[in-house]
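Asks: Using the working numbering, read the sequence shown as starting at 261 and increasing by one per residue.
No residue lacks a Cβ here, since even glycine has one placed at the ideal position from N, Cα and C.
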Amino acid sequence: MSVLVLGLVAAALTIASFLAQTYKILRTRDVHSLSAPMWVLSTIAFAVWVAYGVAMSAWPIVIPNAVCFALACFILVLKLLPTHKREAVADKLDPAA
């Protein structure tokens, strides 16, 4: 397996895990078990990885980390929003739930 393929698989799995968490939150509207400090640190870490990738001109690092940064920001916002606002956001994005 080439190094590029290994990196693409890792990136795809990381993005998939954040998409799965986002989907679960939108469906259940439940964020009580999430740790806000962990999401703050994860969001900062993704931002630093993006900066590192840009500094290195390593787009295979920049792109998946930018996607995960956006998803982590979204999850963090949902965690920090009051319940009625989180419900409104979830209703807009997933009205069937």
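What first and last residue would you give for the alpha helix (DSSP H) that runs through Ser302?
Replies: Position 42 of the sequence shown, counted from the start, is the residue given in the question as residue 302. Segment 296-315, the alpha helix (DSSP H) holding Ser302.
Asks: Leaving aside the five residues before and after Thr274 along the sequence, list all residues of the same chain whose C-beta is less than 8 angstroms from its C-beta, in chain order.
Replies: As a first step, residue 274 is located in the sequence shown; it is residue number 14 there, counting from the start. Counting only Cβ-Cβ distances below 8 angstroms, and skipping sequence neighbours, we find Pro324, Cys328.
Asks: Please determine whether the Cβ atom of Val327 lies at a distance below 6 angstroms from any heavy atom of the ligand ADP.
Replies: Only the bare structure without any ligand can be found here, which leaves the ligand ADP out of the picture.
Asks: For a test of the three-state rule: what should DSSP assign to Ser277, helix, strand or coil?
Replies: Position 17 of the sequence shown, counting from 1, holds the residue named residue 277. Helix.
Asks: Quick check on DSSP: helix, strand or coil for Leu341?
Replies: Here residue 341 refers to the residue found at position 81 of the sequence shown. The answer is coil: DSSP assigns Leu341 none of H, G, I, E or B.
Asks: What whole-angstrom Cβ distance do Ile321 and Trp299 have, given they're in contact under 8 angstroms?
Replies: Stepping through the sequence shown from its first residue, residue 321 is reached at position 61. Stepping through the sequence shown from its first residue, residue 299 is reached at position 39. Wrong, their Cβ atoms sit about 21 angstroms apart, outside the cutoff.
Asks: Shortest alpha-carbon distance to Pro342 belongs to which of Ala305, Asp354, Val269, Arg289?
Replies: Numbered from 1 along the sequence shown, position 82 holds the residue referred to as residue 342. For the residues Ala305, Asp354, Val269, Arg289, the minimum Cα distance to Pro342 belongs to Arg289.
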